[in-house]
Amino acid sequence: MRHLLYVNHPQDAAAAGGMYAAGDWMLEIIIGCMVLVPTFVLVLVIRKYEPLYAVYSRILLGLSLTAPLCLAVLSIPAVSQGTMLLGWICLDRLLCSPVVIVGLLVSRLLARFDQAKRFTLYALLIEVLTLALAVALFLFAAKAH
């Protein structure tokens, strides 16, 4: 639907690019929050079973490890300044980092077992530190220009 809007009204999209980008960003946040609802229900169901929650916490740790990987890939000028699909995927992964942090925080608060608490804490720290580093790199690059 959004694609048709861009195709049918390219002048409007070019004239008000920031408004279109903000609308796309809000749509991504809404979709991300909608994904958090079934995740919350899943966490409520499996939080009583240590083996299942341990596997879930390891998956969260793996998910959080993609954030520094995406930041490293975006640090390559050929990827970040080009039109490669990999650059867009990595950028979207970093832009959805606040939603992931909310999900990790809820998972950490609902964890009942030591191993699950430890893995979700590691995942949360990795995600928050990567987001802080990305913001710092952005501000440093903006200050340099």
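Just so we're aligned: the sequence shown equals residues 1 to 145 in UniProt numbering.
Just so you know, even glycine gets a beta-carbon here, dropped at the ideal spot from N, CA and C.
Everything numeric in this text was worked out from a predicted model, so none of it was measured.
- Within the model, the alpha-carbon separation for alanine 78 versus tyrosine 56 is close to 35 Å.
- Residue environment for cysteine 33: exposed (fewer than 16 other C-beta atoms within 10 angstroms of its C-beta).
- Distance check between glycine 62 and each of Phe138, Met19, Ile126 and Cys90 places Ile126 closest, using alpha-carbon atoms only.
- With contacts defined by Cβ atoms closer than 8 Å, leucine 36 and serine 64 do not form a contacting pair.
- Secondary structure note for arginine 47: it is in no alpha helix (DSSP H), with a DSSP letter that is neither H nor E.
- Arginine 112 and isoleucine 59 have their C-alpha atoms some 17 Å from each other.
- One Cα belongs to valine 99, the other to phenylalanine 140, and the distance between them is close to 24 Å.
- Taking a 10 Å sphere around the C-beta of phenylalanine 138, we find fewer than 16 other C-beta atoms and assign the residue as exposed.
- Here serine 97 is buried: its Cβ has 16 or more other Cβ atoms, across all protein chains shown, within 10 Å.
- Annotation note: the stretch 47-117 contains the following uninterrupted alpha helix (DSSP H) runs of length 4 or greater, listed N- to C-terminal: 50-74, 77-80, 85-95 and 97-110.
- The residues Leu60, Leu61, Ser64 and Leu104, in chain order, have a CB closer than 6 Å to that of alanine 123 in the same chain once the five nearest residues on each side in sequence are set aside.
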